[in-house]
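With the sequence shown counted from 1, adding 119 to any position gets you the working numbering.
In what follows, a single structure is set out as structure tokens and then discussed.
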Amino acid sequence: MQTEFEARFLEADAAKITEHLASRSAICAMPRTLMRRIVFKNDDIEARGGWLRLRQQGEKTFLTYKQVTSEVSAIDTTLEAEVEVGDFDATKTLLEAMGFTALRYQENYREEWKLNGVTFDIDTWPDLPTFLEVEGPDEDSVGEAAASLGLHIAQASYGSVDEVYVAVLGRDILAESELVFTS
């Protein structure tokens, strides 16, 4: 598994960010796309602080194992292993047949840009302001990429999106079986 180096910046100005990235010859790797995901657990994974995420983004589907390595969220406290799978529904059926429990279904929109080995994800989730996630091969690359957008790494947040919901809305989405756009 690899350490995920990712920082989140809340209330991002998507138009300003995309304009800046385009002016620097960044590549739009994925235009704004609806993503749907199901989070799965079993006793073994839960005991290790992990979960499985089955995510469909456009024509591609990925199965990801994520594991938190610390109780305090930081830029480098999530381990991740990911594979592309062929079919969202068939993979869901397979996981359930293997004893995994589907806990939550969630949706969000994502636009993804790439520049110099760094990924910039502009995410919109139900009821939250749009935010930016910057992911790179190491902590320094994430900090430098954020700084190039005028963002300060000291203002970043880390961890999974459920922590954003608690911080911004006081809402525990881990207790919700479904998180979807209503309009």
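Note that beta-carbon positions come from the ideal geometry of N, C-alpha and C, so glycine has one too.
Thr249 carries a coil assignment under DSSP once its states are collapsed to helix, strand and coil. In the three-state scheme derived from DSSP, where H, G and I count as helix and E and B as strand, Val202 is classed as strand.
In the DSSP annotation of this structure, the continuous segment of the beta strand (DSSP E) that includes Tyr184 starts and ends at 179–187. Boundaries of the alpha helix (DSSP H) around Gly262: 258–267.
With fewer than 16 other Cβ atoms from the protein chains shown falling within 10 Å of its own Cβ, Asp291 counts as exposed. Per DSSP, the unbroken alpha helix (DSSP H) holding Glu215 starts and ends at 207–216. Take the alpha-carbon of Gln176 and the one of Ala273: they are about 30 Å apart. Annotated three-state conformation of Leu293 is helix, per DSSP. For the options Arg174, Val202, Ala134, Lys211, the alpha carbon positioned closest to that of Leu251 is the one of Ala134. Using a C-beta cut-off of 8 Å, the segment 143–158 makes contact with the segment 216–234, since at least three inter-stretch Cβ pairs fall below that distance. Nearest C-alpha to Gly269 among Ile241, Phe128, Met120: Phe128.
Contact between Thr152 and Trp232 fails: their C-beta atoms lie close to 13 Å from each other, not under 8 Å.
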